[in-house]
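K.L.:
Chains as they are written, first to last, in the numbering used here: chain G, 1 to 145; chain A, 146 to 290.
Number of protein chains: 2
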Amino acid sequence: MYTIGQVSEMFGLPISTLRYYDKEGLFPNMERQSGIRRFSETEIEALRVIECLKASGLEIRDIRQFMVWVTEGPSTYDKRKALFEARREAVETEIEKLQKMLDMVKFKCWYYETAIKDGNEDALNKMLPDSLPPEIQKLYDNAHK
Amino acid sequence: MYTIGQVSEMFGLPISTLRYYDKEGLFPNMERQSGIRRFSETEIEALRVIECLKASGLEIRDIRQFMVWVTEGPSTYDKRKALFEARREAVETEIEKLQKMLDMVKFKCWYYETAIKDGNEDALNKMLPDSLPPEIQKLYDNAHK
DNA sequence: GCTTGACCTAAAGTCAGGTTTAGGTATTAC
DNA sequence: GTAATACCTAAACCTGACTTTAGGTCAAGC
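1) In its own chain, which residues sit with a C-beta less than 8 angstroms from the C-beta of residue 107 of chain G, not counting the 5 before and 5 after it?
2) Quick one: which residues of the segment 77-105 of chain G get their C-beta closer than 8 angstroms to a C-beta of chain A? List them in chain order.
3) Are three or more beta carbon pairs between the segment 106-122 of chain G and the segment 215-222 of chain A nearer than 8 angstroms?
4) What span of residues does the beta strand (DSSP E) with residue 45 of chain G cover, start to end?
5) Nearest to residue 78 of chain G by CA position, among A:278, A:265, A:277, A:155, is which residue?
6) Run through DSSP, which three-state label would residue 266 of chain A get?
7) Would you check if the distance between the CB atom of residue 191 of chain A and the CB atom of residue 98 of chain G is smaller than 8 angstroms?
8) Pick from G:8, G:3, G:28: whose alpha carbon is nearest that of residue 34 of chain G?
9) Please compile the residues from chain A whose C-beta is within a distance smaller than 7 angstroms of the C-beta of residue 108 of chain G.
10) Per the DSSP calculation, residue 65 of chain G is bridged to which residue(s)?
11) Looking at the C-beta of residue 56 of chain G, does it have a partner C-beta in chain A at a distance below 8 angstroms?
12) Classify residue 249 of chain A as buried or exposed, calling it buried when 16 or more other Cβ atoms lie within 10 Å of its own Cβ.
13) Measure from the alpha carbon of residue 230 of chain A to the alpha carbon of each residue in G:25, G:102, G:131, G:40, then state which is nearest.
14) From the DSSP output, in three-state form, read off residue 92 of chain G for me.
15) Going by C-alpha to C-alpha distance, which of G:80, G:58, G:17 sits closest to residue 68 of chain G?
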């Protein structure tokens, strides 16, 4: 069992955020001892799931819905599974998007490195859009398709 | 040259968002024809960069700073290069984080699939935290380390 | 017994990133 | 000539996710 201060330390989250999550119903069955929150393993695992669902783009209200399903027992297994399958899709899509953005960023790193060497963008502009060095051309094409 | 409506179509962005970006200074040298915005190749490429920098987690005000640097010419090449190198770091870190979250999500997909098969979580609870099937154990460990 | 530190609540405040509203212009279609 | 469309501005509004504020409880140390 942990206090809110200990959990705040463990997760690197402000105490105010943990209280906000609680107020929003993200820890539906958290115990209290004379008014003071006691975080058990259940809440710790819930918090790991919250961080994961948040990173996947889910809103607080939908995370609450999931937590409510958990309290409802086996009858909601299918809903919970469907939620995680949708999150899987969303995260995979997001990673693909970021990979594409990363190619743009890498291209721009090379671009400015070259511009600094040359002192201007003249040579670069002559290479664009399809006479770049092969490795760079790949990045450029992926970022601009 | 494109109108705001055409650009809105091309990028799938609301017209109001493009006007908002303009008001925030993200197209510092955009031309106008009797008050009407004309988006040239410069603004189209700017928009690609905006989407990229936004996806990388940069705020509008910092994107504006970059656009200002572009108008200032070769003297800001080093700043622009440094910005993209920082973005590269940020995106790589974000992708790693999402990979970890994806492992959690995949674990949960398997978890509920199994719970549905079994009708309860009893067998699952006996396997936790370190007697899971090998492939699943990897996901679980990565998500919980 | 009083101060310090860790906890509590309700309610107001903040911030980024847009979106909506209200009112207006200019061109094209009938 | 008038109606529909596509554009314009300034300013108000909205939303989600927190954070801050103001005021209070309670146990431990001195």
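All residues carry an ideal CB built from backbone N, CA and C; glycine is no exception.
P.N.:
In short, the structure shows the following:
1) Scanning its chain for C-beta atoms nearer than 8 angstroms, with the 5 sequence neighbours on each side dropped, one finds around residue 107 of chain G the residues 136, 139, 140, 143, in chain order.
2) Closer than 8 angstroms at the C-beta level to chain A, one finds these residues of the segment 77-105 of chain G: 77, 78, 80, 81, 84, 85, 87, 88, 91, 92, 94, 95, 97, 98, 99, 101, 102, 104, 105.
3) Yes, since at least three Cβ pairs between the segment 106-122 of chain G and the segment 215-222 of chain A fall closer than 8 angstroms, the two stretches touch.
4) Note, residue 45 of chain G: premise wrong, no beta strand (DSSP E); alpha helix (DSSP H) at 41-55.
5) Checking every option, the nearest Cα to that of residue 78 of chain G belongs to A:265.
6) The three-state secondary structure of residue 266 of chain A, taken from DSSP, is coil.
7) In this structure, residue 98 of chain G does not lie closer than 8 angstroms to residue 191 of chain A by Cβ.
8) When G:8, G:3, G:28 are compared, the shortest CA-CA separation from residue 34 of chain G is found for G:3.
9) Scanning chain A for C-beta atoms nearer than 7 angstroms to the C-beta of residue 108 of chain G yields 229, reported in chain order.
10) Residue pairing of residue 65 of chain G in beta bridges, as defined by DSSP: absent, with no partner found.
11) It does; some Cβ of chain A falls within 8 angstroms.
12) Residue 249 of chain A is buried by the Cβ-count criterion.
13) Sorting G:25, G:102, G:131, G:40 by C-alpha distance to the C-alpha of residue 230 of chain A places G:102 at the top.
14) Three-state DSSP puts residue 92 of chain G in a helix.
15) It is G:80.
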